[in-house]
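In this text, residue positions in the sequence shown follow the numbering used here: the first is 21, and each later residue adds one. Backbone N, C-alpha and C define an ideal beta-carbon position, used for all residues, glycine too. Notes for the one structure printed next.
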Amino acid sequence: MCSAALNHETVSQDGKVRIPVAADEADVLADIYRDDCNLAIWRRTLSPALQEYVEAFLQNNVKFQVSLSLSPQSALTGLRKTLGNSAETASLAGDIAELVDMYCYLFDTKLVGLRLTALQKPMCPRFH
């Protein structure tokens with residue numbers, strides 16, 4: 021595993037030290053099952069084209085908000101139906117569908133609740 025510990029350890033009520041881990045590879049997400057891990061962070065960068073599309077999408081949809089129940093099999097279709105059918109949207113929908121699939125696999129579930137909201141300010145400024 022190519023995870024690197026961050027500098028924020030915590031001590032649980034049972035006295036165990038827990039640390040966040042982060043890496044540039046998706047397999048770091050499985051570290052959440054380690055006894056000494058309290059947070060797994062996948063540091064990833066979207067392609068410049070996808071970043072530009074997301075920025076434009078948010079500028080044009082400042083009040084965008086949707087909640088979906090998706091399975092790995094329905095994610096791409098559901099997202100394309102919700103976001104639209106342009107080539108750029110296909111890339112975004114594909115990226116999110118891949119995350120849905122990874123989450124379902126990681127937590128051994130068949131369905132996830134996905135909430136996408138365009139934020140104008142931090143959602144939880146003191147929590148995260």
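Going by beta carbons, proline 92 and isoleucine 61 fall outside the 8 Å limit. Nearest C-alpha to leucine 136 among Phe127, Met122, Lys83, Ser106: Lys83. The DSSP-derived three-state label of alanine 113 is helix. Take lysine 36, set aside five residues on each side of it, and the residues of its chain with a beta-carbon closer than 8 Å to its own are Asp55, Asp56, in chain order. For glutamine 85, the three-state secondary structure derived from DSSP is strand.
The continuous beta strand (DSSP E) containing valine 132 extends over residues 132 to 137.
Straight across, the Cα-Cα distance linking isoleucine 116 with proline 68 is about 16 Å.
Per the DSSP secondary-structure output, leucine 96 pairs with nothing in a beta bridge. In this structure, tyrosine 73 lies near serine 111, with their beta-carbon atoms less than 8 Å apart.
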